[in-house]
Amino acid sequence: MGEAAIKLGGKKESTFMDKVKEILPDGGNLNLCLTCGACSSGCPATGLEGMDPRKFLRMAALGLDEEITSTPWVWHCTMCQRCIYVCPMKIDIPRLVYYARQSWPREERPKGLINSCDMALRNDSCSAMGASPDDFSFVVEDLLDEYREAQPEFKDMDAPIDKEGAEFFLNQNSREPVTEPDEMVPLWKILHSAGINWTYGSKGWGGENYCMFLADDEAWKNTVAMSINQAKSLGCKTYLNTE
Amino acid sequence: MEEKQVMIMGGGIAGLTAARDLAEFGVNVHLIEKSSFMGGYAIGYTCKASTECLQCGACSVEKTLKEATETPNIEFHLSTTVEAVSSENNKFSAKLKKGPFFIDPERCNNCGLCYEKSPEKGAVLRGYSKNNHPLYAITAEGIQSHRDFFASVCPEGAISVDAKATSETLGVDALIVATGFEPFDPNQKPTYRYAEHANVITGLDMERIKRTHGALVRPSDGQPPEKIAFIQCVGSRDERLGHLWCSRVCCPYALRSAQSIKTQSPEMDITIFYMDIQNIGKNFPEFYQTCKSDFRFIRSIPVDIFGEDNDRLSLRRFDETEGTTVMETFDLVVLSIGIMPNSENPAISKLLGIELDQDGFIDHNDALNQTLTSQNGIFVAGTASGPNSIPGSMAQAGHAAGEVLKYLGVTQ
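Protein chains in written order, with the working numbering: chain C, 255 to 497; chain E, 120 to 531.
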């Protein structure tokens, strides 16, 4: 009678990557990496903070959870999704980055993102610059009058807010109405010349989506819901995300 | 014993090999080829010998084609498609659409006048092998646009501008599907900008350039490059595109081509970008070691190719020792494209009632016999059933011929 078989190790502890795999469809293909480096060849954040997408994924696969959830590199990522686009195995690295962001205590995330998200939650505009619905209406109407007068060929141009039954609902980066209002006009002119039936919303017009970049799901849901519900209540058919 | 009839669909290396092997046993073979020339893709491949033969198999295509054309009981049906197939009592009836044949092979002496004087490039096609007869074919579009020219150009009177397509029905006892593959379309990997950069070419383009110019030159200026990059696994092993398979031939063709180029031009600077090298097969691991000392291997797949002055190309790739991206300039970039299922496979599957595998290649019914399809009496050979090399396709085609002979009762 031989000795009892030796068991190696204990039960594998669930790692950060395992948890993310459970959330993503098809596990985000996170364990399909061929280590070809295409993600890192195409990533604009490769080399920042001594990190790149391939290294990040490999570290996650090796269960280096502490490093993965503490590297500030995740905040350099622009969430452009180029890594998954060029990955032959379609590995969802962007979501892995997103959940790594989420693992940070909110107050320790980048200040700029926290402030911009908090600002968007301040009123119904969801503007990261804190502009109120009234401020927005005032700027748009004032600017429209100015252009109609100065450029008679656009005297019939419109920039409606809360127009019921418009085909398209447009959001707007709040930098323009707050700091560079004239920058809004070229798009109005295009829409006018093309005869498009569109509208802004007084609620949820701010399109920056900083709460998403902050990886604050609840706040992100609030701002997106505000905008979408406004588009729906106006009966718009298509939401045009200009961001 | 009554004479047995076999129809082979596809006149590439697999079809030619199976035809030759069957004919040796007295079987009458109908070899159906939709294009105007026998030999498939492989007839266009160049010899990749360095100072010694690197066993690419390219020369065996020419040899097999020659043997097949010299075998009396193989009937070639060029420019022919199979329109319908029915079966009854172990007999197949195949309806063929043939031609139109604008050049009469009896009269044509392959002088090439129609090709050289053609008012439009592409109106007259030229085969790769002198064993193709006629060596030239005129397209229907060419005839339509330049009717008067073609009506008068041939001194032998071999061109008939009024030729029409005809039908023929064949009765056969068995069928071999040898309809081959399709090269990967590199435009599906848009960051390489194949359509935009003249000097980004595929492995197949490289073969054609070598055939035409006798050496590898840059398409932009016809000059030999000094610095070449090969990018491996383009279109293969790709979950995004649904191509999870390894195409098996790209590592061998890239390395053999690189070695052959290096032998011709020892100063050539060659880099292979790869994820891993399929160095399988007899002698290949040893050959790979030689390659490693002759060119640079970088284990990183570049993603972006930017144009520079003088049609040079700048590649951006990840440098794993530095942990950053680096840019490097090359004269020519070869994309090692892989083997894809023939896009006509769904139609072939329907026509013959045979099944395709999950990747879209012709499925084999028996894991241990890769020549049997899901239909009794229908066999498969070559890259129609999945990626394969020239020698591999020939071996499988020989096996398929053997299975057909057993099925027909010609051999035991």
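Every residue gets a Cβ at the ideal spot worked out from N, C-alpha and C, and that includes glycine.
Status (buried if at least 16 other CB within 10 Å, exposed otherwise) for residue i
| i | result |
| --- | --- |
| residue 386 of chain E | exposed |
| residue 314 of chain E | exposed |
| residue 312 of chain C | exposed |
| residue 89 of chain E | Given a span of 120 to 531 for chain E in the structure shown, any question on residue 89 of chain E remains unanswerable. |
| residue 172 of chain E | exposed |
| residue 365 of chain C | exposed |
| residue 330 of chain E | exposed |
| residue 425 of chain E | exposed |
| residue 450 of chain E | buried |
| residue 334 of chain C | exposed |
Interface partners of residue i on chain E, CB under 7 Å
| i | result |
| --- | --- |
| residue 343 of chain C | 358 |
| residue 292 of chain C | 420 and 422 |
| residue 311 of chain C | What residue 311 of chain C touches in chain E: nothing, since even the nearest Cβ is about 13 Å away. |
| residue 488 of chain C | Correct list: empty, because the minimum Cβ distance to chain E is about 37 Å. |
| residue 441 of chain C | Going along chain E, no residue has its Cβ under 7 Å from residue 441 of chain C, so there is no contact; the nearest lies around 27 Å. |
| residue 494 of chain C | Under the 7 Å cutoff, chain E gives no residues; its nearest Cβ is about 25 Å from residue 494 of chain C. |
First through last residue of the beta strand (DSSP E) which encompasses residue i
| i | result |
| --- | --- |
| residue 321 of chain E | 319 to 321 |
| residue 352 of chain E | 346 to 353 |
| residue 201 of chain E | 199 to 207 |
| residue 124 of chain E | 124 to 128 |
| residue 258 of chain E | It is not in any beta strand (DSSP E) - residue 258 of chain E carries neither H nor E in the DSSP assignment. |
| residue 493 of chain C | 492 to 494 |
| residue 150 of chain E | 147 to 151 |
| residue 447 of chain E | 443 to 449 |
| residue 388 of chain E | 388 to 392 |
| residue 196 of chain E | 193 to 196 |
Delimiting residues of the alpha helix (DSSP H) encompassing residue i
| i | result |
| --- | --- |
| residue 345 of chain C | From DSSP, residue 345 of chain C is part of no alpha helix (DSSP H); its letter is neither H nor E. |
| residue 373 of chain C | 365 to 374 |
| residue 180 of chain E | 177 to 188 |
| residue 136 of chain E | 132 to 143 |
| residue 420 of chain E | Neither: residue 420 of chain E is in no alpha helix (DSSP H) and is coded neither H nor E. |
| residue 393 of chain C | 387 to 404 |
| residue 497 of chain E | Looking at the DSSP string, residue 497 of chain E is not in any alpha helix (DSSP H); the run it does join, the beta strand (DSSP E), is 497 to 499. |
| residue 524 of chain E | 509 to 527 |
| residue 409 of chain E | 403 to 413 |
| residue 360 of chain C | Segment: none, residue 360 of chain C is in no alpha helix (DSSP H) and carries neither H nor E. |
| residue 467 of chain C | 464 to 467 |
| residue 322 of chain C | 319 to 322 |
| residue 232 of chain E | 232 to 236 |
| residue 266 of chain E | 266 to 272 |
| residue 480 of chain C | 471 to 487 |
Cross-strand partners of residue i (DSSP beta bridge)
| i | result |
| --- | --- |
| residue 274 of chain C | For residue 274 of chain C, which the question treats as bridged, DSSP gives no partner whatsoever. |
| residue 290 of chain E | E/212 |
| residue 452 of chain C | C/422 |
| residue 460 of chain E | E/300 |
| residue 532 of chain E | Nothing about residue 532 of chain E can be reported from this structure: the residues present for chain E run from 120 to 531 only. |
| residue 330 of chain E | According to DSSP, residue 330 of chain E bridges with nothing at all. |
| residue 243 of chain E | E/257 |
| residue 437 of chain E | E/444 |
| residue 362 of chain E | E/357 |
| residue 278 of chain E | E/222 |
| residue 285 of chain E | E/217 |
| residue 453 of chain E | E/320 and E/349 |
| residue 485 of chain E | E/488 |
Residues that residue i contacts on chain C, provided the C-beta gap is smaller than 8 Å
| i | result |
| --- | --- |
| residue 435 of chain E | 295 and 296 |
| residue 310 of chain E | 296 and 340 |
Under 7 Å from the C-beta of residue i: neighbouring residues of chain C
| i | result |
| --- | --- |
| residue 439 of chain E | 291 |
Per-residue contacts from residue i into chain E (C-beta, under 8 Å)
| i | result |
| --- | --- |
| residue 300 of chain C | 437, 442, 443 and 444 |
| residue 304 of chain C | 442 |
| residue 445 of chain C | Within 8 Å Cβ-Cβ: nothing; residue 445 of chain C doesn't reach chain E, min ~30 Å. |
Any non-hydrogen atom of the ligand NAD closer than 8 Å to residue i Cβ
| i | result |
| --- | --- |
| residue 384 of chain C | This structure simply doesn't include the ligand NAD, nor any ligand for that matter. |
Under 7 Å (Cβ pairs) to chain E, residues found in the segment 270 to 285 of chain C: 283
When Cβ atoms are compared, which residues of the segment 340 to 373 of chain C fall closer than 9 Å to chain E? 340, 341, 342, 343, 344 and 345
Using a beta-carbon distance cut-off of less than 7 Å, what residues from the segment 371 to 401 of chain E approach chain C? 394
Which residues, in order along the segment 317 to 334 of chain C, keep a beta-carbon less than 7 Å from a beta-carbon of chain E? none
Given a limit of 8 Å on CB to CB distance, which residues of the segment 419 to 439 of chain C reach chain E? none
What residues in the segment 371 to 399 of chain C have a beta carbon less than 7 Å from any beta carbon of chain E? none
Which residues, in order along the segment 445 to 468 of chain C, keep a beta-carbon less than 7 Å from a beta-carbon of chain E? Hits within the stretch: zero.
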